[in-house]
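S.K.: Okay, so the sequence shown: first residue is 21 according to our numbering, each after it adds one. Using N, Cα and C, we set each Cβ at its ideal position, and we do this for glycine too. Handing you this structure, nothing more for now.
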Amino acid sequence: MSQPPGIATPLHRHHNEAEAFYLLDGEITYVAGEETYELSAGWFMYLPRGLRSASGGTDRPASSHSLSRAVS
21 MSQPPGIATP LHRHHNEAEA FYLLDGEITY VAGEETYELS AGWFMYLPRG
71 LRSASGGTDR PASSHSLSRA VS
């Protein structure tokens, strides 16, 4: 997945799946629950089902591999 410069994912919650991603390159600001992280290449983030999250773009593009799994 690629995230162009200046593009952000708004705060949201996945009700039916857990999500994880590995940041391949670039940098992003990421909100997971009540915590804010400044992520750079090599970070892995796991987000359990129901956790609020959002990502903020920077002035450089970023790319990641994302995974999701339905949880009942």
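Assign Phe41 to one of two classes, buried (16 or more other C-beta atoms within 10 Å of its C-beta) or exposed (fewer than that).
M.R.: buried
S.K.: Are the beta-carbon atoms belonging to Pro81 and Pro30 less than 9 Å from one another?
M.R.: no
S.K.: Hey, how far is the Cα of Met21 from the Cα of Val91?
M.R.: 22 Å
S.K.: Leu43: buried (16+ other C-beta within 10 angstroms of its C-beta) or exposed?
M.R.: Leu43 comes out buried.
S.K.: Ile27: which of Ser88, Ala74, His85, Arg89 sits nearest, CA to CA?
M.R.: Ala74
S.K.: Just verifying my parser: in three-state terms, what is the DSSP assignment at Asp45?
M.R.: strand
S.K.: Look at the alpha carbon of Arg69 and the alpha carbon of Val51, and state the distance between them as a whole number of angstroms.
M.R.: Arg69 and Val51 have their C-alpha atoms roughly 15 Å apart.
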